[in-house]
Amino acid sequence: LIGFLYGWSFFAVIQTGTIAAVGVAFGKFAAYLVPSLGDQNILYEIGAFKLKAAQLVSIATIILLTFSFGPYFLIMFGNFTPWQMFGLICLSGFSLAGVGFSVSHDALHGAYSKNTKINKLLGLTFPLIGVSDYLWKIKHNVMHHTFTNIYEKDEDLSVTKFLRMTPVAPHKPIHRIQHVLAFFAYSLLSVGWVFLFDFKKIFSHISSKGSPYSGLPKAELLKIAAFKIFYLIYALALPLIFLPLAWWQVLGGFIAMHLITGFTITIIFQLAHIVEGLEYPEPEEGAIDNAWVVHQMETTANFAVNNKFITWFVGGLNFQVEHHLFPKICSIHYSAISKIVAKTAEEHGIRYHTEHSFWGAIASHYRILRKYSKPNAQMIDTEKDLAEQLQMA
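So the sequence shown is residues 565 to 957, counted in my numbering.
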């Protein structure tokens with residue numbers, strides 16, 4: 565679980581600007597921080613009862629994997645009514661989102677364990693639900709973490725063409741009702757990954773040499789095809805063949821599971837980058853003005869940091885600022901790290917974005933969607949501008 569600073573390597577590529585002191589401060593911070601974090605840290609203690617970081621992560625993994633895949637076996641081999649099966653599959657959909665946050669995400673960042681074999685093994689939880697881990701790592705680890713909130717680079721700003729997530733994006737008539745459509749669109753993410761997005765990236769690799777997905781190995785293509793076929797067989801074909809249900813009931817359960825998974829995953833990541841007070845830089849000639857550290861803090865926000873359940877369920881990803889600064893550190897440590905990050909940011913005059921309430925973050929995200937639904941919407945740059953906008957609302 566001992567992390568190293570994945571992001572510092574980008575300093576050779578991205579302009580550091582004039583705020584090098586911030587980078588030095590965080591570098592010193594990291595020099596003390598990283599060696600002190602590991603799977604032997606005591607994170608939970610009541611009297612003689614103690615749990616280390618590795619034990620807490622393992623317990624969360626077991627619980628989430630059980631509630632994700634356990635319902636499938638209960639449905640296939642148990643004796644339940646259709647409505648009971650529907651409840652089980654909805655539980656599976658919600659739990660799969662938790663696996664995506666707490667297990668898959670950390671593993672694919674190489675942060676779940678210091679053992680690379682364990683990371684690779686748990687990273688297969690993505691292909692097991694029909695999503696390519698290889699393509700996701702390019703989209704998320706490379707593009708999103710390097711070009712956070714930069715239009716046409718960060719793919720998270722382009723969930724779909726009928727949503728406008730940044731004032732830089734051109735306005736279309738459909739955007740006028742995006743604050744109504746958005747939350748339904750978020751539900752389609754999981755279905756999209758299984759049936760659409762991976763294939764679009766593969767065809768992009770074939771048709772464009774300049775694509776970030778170019779150079780896709782043939783072995784990965786075979787792996788993607790094999791896992792998608794395997795997923796559709798066990799998740800759809802076998803239930804259609806063996807369950808005493810009509811085809812539309814099986815298909816309805818399959819879609820419901822994906823809608824729940826997709827919505828849960830998308831809304832969590834949107835609250836980290838598409839809320840009030842964050843920036844959407846427009847790099848000139850391919851270079852970012854600010855230091856990489858500053859760029860991450862200006863484009864990322866924490867939320868619900870005092871909510872124990874949310875912190876557990878999303879694997880600490882409500883501490884997104886810390887995740888973007890230290891993506892190679894296991895997310896279970898982010899809560900402890902956040903106090904030092906906030907202090908360091910304050911010392912150097914960098915705003916540390918935090919929305920303490922989950923519903924407050926939802927409301928902020930909704931206001932951003934509504935704001936950018938208008939053609940003349942501009943970015944909110946400062947706390948003063950934000951206060952003025954809230955007074956006018």
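Ideal Cβ positions, reconstructed from N, Cα and C, are used throughout, including at glycine.
Around S696, the same chain offers D762 and I788 as residues with beta carbons nearer than 6 Å, after the five sequence neighbours per side are excluded. A799 places its beta carbon less than 8 Å from that of F818. Less than 8 Å divides the Cβ of F883 from the Cβ of V869. Taking Y750 as reference, the option from H917, H929, K935 and F794 with the minimal CA-CA separation is H929. About 11 Å separates the beta carbons of G687 and A675, which is beyond the 8 Å limit, so they are not a contact pair. Contact between S632 and L652 is absent: CB atoms are separated by about 11 Å, not below the 8 Å threshold.
With a cut-off of 8 Å on Cβ pairs, the stretch 766 to 785 is in contact with the stretch 694 to 714, counting three or more such pairs. Contact check for S666 against A733 fails: the beta carbons are separated by 8 Å or more. Rounded to the nearest angstrom, the gap between the Cα atoms of A746 and A925 is 15 Å.
Residues H769 of the same chain have their beta carbon placed closer than 6 Å to that of L780, with the five preceding and five following residues left out of the count. For T689, same chain residues with a beta-carbon under 7 Å away, outside a window of 5 residues either side, are V663, V667 and S668 in chain order. Secondary-structure assignment with DSSP links T918 through a beta bridge to N866. Leaving aside the five residues that flank V621 on each side, the residues in its chain whose CB is nearer than 6 Å to its CB run, in chain order, I896.
Between P731 and Y936, the CB-CB gap stays under 8 Å. Look at the stretch 802 to 828 and you find these whole runs of alpha helix (DSSP H), each 4 residues long or longer: 802 to 806.
A distance below 7 Å between beta-carbons, with the five flanking residues on each side excluded, links H887 to the following residues of its chain, in chain order: L881, S895 and Y898. The residue from K681, I932, I893 and N683 with its alpha-carbon nearest to that of Q834 is I932.
Counting C-beta atoms within 10 angstroms of its own C-beta, V744 has fewer than 16 neighbours from the protein chains shown and is therefore classed as exposed. DSSP places A906 within a helical segment (H, G or I) once states are collapsed to three.
Boundaries for V723: no alpha helix (DSSP H) harbours it, and the DSSP string shows neither H nor E there.
F759 is not a Cβ neighbour of H739, given a cutoff of 8 Å. Nearest in C-alpha terms to T828, of all of F658, M640, G642 and N643, is F658. In the structure shown, Y795 adopts helical secondary structure according to DSSP, grouped into three states. Looking from the CA of P776, the closest CA among P803, M729 and F711 belongs to F711.
The residues H822, in chain order, have a CB closer than 6 Å to that of V755 in the same chain once the five nearest residues on each side in sequence are set aside. Taking 8 Å as the cut-off, the beta carbon of F922 is found closer than this to the beta carbon of N871.
In the DSSP assignment, H704 falls outside any alpha helix (DSSP H) and carries neither an H nor an E.
In this structure, T918 places its C-beta atom within 8 Å of the C-beta atom of A865. Here L721 is buried: its Cβ has 16 or more other Cβ atoms, across all protein chains shown, within 10 Å. Excluding sequence positions up to five before and after L802, its CB lies less than 6 Å from no other CB in the same chain. When the Cα atoms are used, H735 and N940 turn out to be separated by approximately 9 Å. For the options K782, F641, E843 and Q860, the alpha carbon positioned closest to that of H709 is the one of Q860. The closest CA to that of E862, considering only T875, V885 and S778, is found on V885. In this structure, DSSP gives L785 a helical state, which the three-state scheme calls helix. Each of V814, F877, K703 and S902 was checked against the Cα of S778, and the nearest Cα belongs to K703.
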